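Letter by letter, the sequence shown follows residues 1 to 277 in UniProt numbering. A virtual CB, placed ideally from N, CA and C, is assigned to each residue, including glycine. Please read all numbers here as calculations on a predicted model, not as lab measurements.
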Amino acid sequence: MEMRTDDTPGQGQTGRIPLASLQINMSHCELEDITLHLNDRISSTRRVLELRTIAKDQDKRVILGKIGQDILAIDGLLDQFEKCVGRQKDLLKHLKELEGFFEEDVQDGKNLRDNMPTHMPRKGQPAVHGVAGQSGPVNVQPVQQVQPRKTSKNQIREMEFITSPEFDTIPQYMKGRLTYEQLNTAVESINTAVTGKYKILNQPAKTLNNATRKLHQRFKEDENKDSKGLFFIVEADIKEFTQMKVDKRFQSILSMLRHCQRLREQRGGGITRYVLL
Numbered sequence: 001m002e003m004r005t006d007d008t009p010g011q012g013q014t015g016r017i018p019l020a021s022l023q024i025n026m027s028h029c030e031l032e033d034i035t036l037h038l039n040d041r042i043s044s045t046r047r048v049l050e051l052r053t054i055a056k057d058q059d060k061r062v063i064l065g066k067i068g069q070d071i072l073a074i075d076g077l078l079d080q081f082e083k084c085v086g087r088q089k090d091l092l093k094h095l096k097e098l099e100g101f102f103e104e105d106v107q108d109g110k111n112l113r114d115n116m117p118t119h120m121p122r123k124g125q126p127a128v129h130g131v132a133g134q135s136g137p138v139n140v141q142p143v144q145q146v147q148p149r150k151t152s153k154n155q156i157r158e159m160e161f162i163t164s165p166e167f168d169t170i171p172q173y174m175k176g177r178l179t180y181e182q183l184n185t186a187v188e189s190i191n192t193a194v195t196g197k198y199k200i201l202n203q204p205a206k207t208l209n210n211a212t213r214k215l216h217q218r219f220k221e222d223e224n225k226d227s228k229g230l231f232f233i234v235e236a237d238i239k240e241f242t243q244m245k246v247d248k249r250f251q252s253i254l255s256m257l258r259h260c261q262r263l264r265e266q267r268g269g270g271i272t273r274y275v276l277l
């Protein structure tokens, strides 16, 4: 808090610092400082009022005039203080709005981190796709990706995601309006269905509840001699474990996955099985 004073007392004054000459820089003062200052000025005015009774008649007029000046000065300081408080309220409101924006950005960042598609490269892992014709990470050829992976008895197979060069090889009439990201989202849904199905199949029947026991029985009924040792799903599995619709668009996705040698169809017993390669 900065104050400037006029130390030259006028005629008939008591030598006190004139309150009207005080100038306070409101942008740098604190609430406690200005409160103490106002209390001091009010106390001084009260003392002058108490002492006026013993003053000489010719001095009373001067004293009353000085009291009026002090009261006006205090009123001016209160006006400045009120304006300062108003500016601080506006600033606080603006900061609250900025805090809300930052919290939204932080939440969006957390959502991106926690829901990153599994087919996107992670830190420390080489990228497996890029723009065709440009130099960059080594592209994995489709023929290398369709090789069956060795699996243990309880290990569940998953479909490999489609790379960008593979997507470029799909004829346009197959792709239609389907994007690269949408195709890999479908791959992720198929993997979800495969995982859900074979987790149940790998459990002992006695540990299953009524619902999963019925699913286990259906899974067994869907098998035949040609599907032994293979990982496959049927349309009912897609409906059971995912939100993906089994419609015309789904059939287009299957065509593209067959083109990229990710799966093949096996028919028999009135059932179409989608076998992972």
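Using beta-carbon positions only, say whether Asn184 and Met159 come within less than 7 Å of one another.
No, they are not a contact pair.
How do the segment 174 to 182 and the segment 240 to 257 stand: do at least 3 beta-carbon pairs fall below 8 Å, yes or no?
Enough Cβ pairs lie closer than 8 Å, so yes.
Answer yes or no: do Asp222 and Ile271 have a C-beta to C-beta separation smaller than 7 Å?
One thing to note: Asp222 has its Cβ within 7 Å of the Cβ of Ile271.
Quick check: what's the CA-CA separation for Gly196 versus Thr212?
For Gly196 and Thr212, the gap between their C-alpha atoms comes out near 11 Å.
Environment of Phe102 [buried if 16+ CB atoms lie within 10 Å]:
Counting every other CB atom within 10 Å of its CB across the protein chains shown gives Phe102 a total below 16, marking it as exposed.
Quick check: the Cα distance between Ile233 and Cys260, rounded to an integer number of angstroms?
Our two residues, Ile233 and Cys260, have alpha carbons roughly 18 Å apart in a direct line.
What does the Cβ neighbour count give for Glu104, buried or exposed, with the cut at 16 atoms within 10 Å?
Around the beta carbon of Glu104, fewer than 16 other beta carbons sit within 10 angstroms, so the residue counts as exposed.
With H, G and I counted as helix, E and B as strand and the rest as coil, what does DSSP make of Thr45?
DSSP places Thr45 in helix when its eight states are reduced to three.
Spatially closest choice to Met256 from Ala205, Ile238, Glu166, Lys214, by CA coordinates
Of the listed residues, the one whose Cα sits closest to Met256 is Glu166.
So is Asp33 buried or exposed if we call it buried at 16+ other beta carbons inside 10 Å?
Asp33 should be labelled exposed.
For Leu215, collect the residues of the same chain with a Cβ closer than 6 Å to its Cβ; drop the 5 residues on either side in sequence, then sort them by chain order.
Once the five neighbours on either side are set aside, the close Cβ partners of Leu215 are Ile200.
Report the rounded CA-to-CA distance for residue 324 versus Ser44, giving the unit in angstroms.
Residue 324 is absent from the structure shown; the chain starts at 1 and stops at 277.
Return the residue from the list Lys96, Tyr274, Lys83 that minimises the CA-CA distance to Ile253.
Looking from the CA of Ile253, the closest CA among Lys96, Tyr274, Lys83 belongs to Tyr274.
Start and end residues, alpha helix (DSSP H) containing Leu215:
Here the alpha helix (DSSP H) through Leu215 covers 210 to 222.
Check whether the Cβ atoms of Val187 and Phe231 lie closer than 7 Å to each other.
Result no, Cβ atoms of Val187 and Phe231 do not sit closer than 7 Å.
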